[in-house]
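First the structure, in the form of structure tokens, and then the observations on it.
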Ligand SMILES: Nc1ncnc2c1ncn2[C@@H]1O[C@H](COP(=O)(O)OP(=O)(O)OP(=O)(O)O)[C@@H](O)[C@H]1O
Ligand SMILES: [Mg+2]
């Protein structure tokens, strides 16, 4: 498994911490150069790593859809009617039993001398791989950026190119088309609202509203 080895828990200033093996190297976020070649290479690498993860055999009971349902239910940012529509849409989506990292983005992949290592596993869910890919695409498209973000991220066109190349590679590997993204985007945005604050929360709420209005009309 491309993950740092776990070596126990530590009590640090009254808080519980997890100790992992230290991985050398920059994350993919900082490793990418603002050139077509580098963007394309890394977008494809990211898709391949995620595809590899989704195809690891596991016997963990699927929990992705139930966790999303619980989070939507607990949120104070949506009306009861909106929650009902989101839950109905989610129920119509396939279950699946893939390992989903659910925070899979270029700052959670360390490009080490021994190959790429994936970090930050605390969101792990088991369910449909389409949910994980939709979440990644949503995060790449978000207006919220890390501090001092590199130029390939601040340049919206380069970022969009990266996202398109990543999705193209993933759907090719999985022999599927990209229609699932729009279907999964509604519950994916709904879960994201409470993870964000201020203007970024508003951005997610606005994107959700646009999709909800389409469903209410049809
Ligand atoms: N095993 C590791 N070896 C080396 N560096 C690591 C390791 N785990 C995490 N890091 C570094 O710490 C940063 C944050 O770790 P992580 O992604 O697990 O937490 P996070 O909750 O996403 O925090 P943040 O919001 O700061 O990204 C990573 O971007 C990486 O630079
Ligand atoms: Mg992280």
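Numbering (the numbering used here), first residue to last: -19 to 198.
Ideal placement from N, C-alpha and C gives every residue a C-beta, glycine not left out.
Fair warning: this is a prediction, and the values are worked out from it, not measured in the lab.
Fewer than three Cβ pairs drawn from the segment 69 to 77 and the segment 18 to 33 lie within less than 8 Å of each other, which leaves the two stretches out of contact. Within the same chain, Cβ atoms closer than 8 Å to the Cβ of residue -11 are found at -4, -3, -2 and -1, the five residues on either side in sequence being excluded. Cβ-Cβ separation between residue 12 and residue 22: approximately 5 Å, consistent with a contact (criterion under 8 Å).
If the five residues before and after residue 10 are omitted, its C-beta is found closer than 7 Å to the C-beta atoms of 130, all from its own chain and listed in chain order. The segment 75 to 87 and the segment 111 to 119 touch, with three or more beta-carbon pairs separated by less than 8 Å.
In this structure, residue 120 sits near residue 139, with a CB-CB distance shorter than 8 Å.
Residue range 8 to 11 is occupied by the alpha helix (DSSP H) that includes residue 9, with no beta strand (DSSP E) assigned at that position.
Ranking 155, 109, 49 and 170 by CA distance to the CA of residue 190 puts 170 first.
Distance between residue 136 and residue 143, taken at the CA atoms: about 10 Å.
The three-state secondary structure of residue 112, taken from DSSP, is helix.
Distance from the CA of residue 107 to the CA of residue 78, rounded to the nearest whole angstrom, comes to 5 Å. Per DSSP, the continuous beta strand (DSSP E) segment holding residue -14 begins and ends at -14 to -8. Residue environment for residue 105: buried (at least 16 other C-beta atoms within 10 angstroms of its C-beta). Short note on residue 103: C-beta not closer than 7 Å to any heavy atom of ligand 2.
Excluding the 5 residues flanking it on each side, residue 49 has same chain C-beta neighbours closer than 7 Å at 67 and 70, in chain order.
Going by DSSP, residue -5 is part of the beta strand (DSSP E) stretching over -5 to 0. The three-state secondary structure of residue 99, taken from DSSP, is coil.
Taking the C-beta atoms as reference points, residue 173 is found nearer than 8 Å to residue 185.
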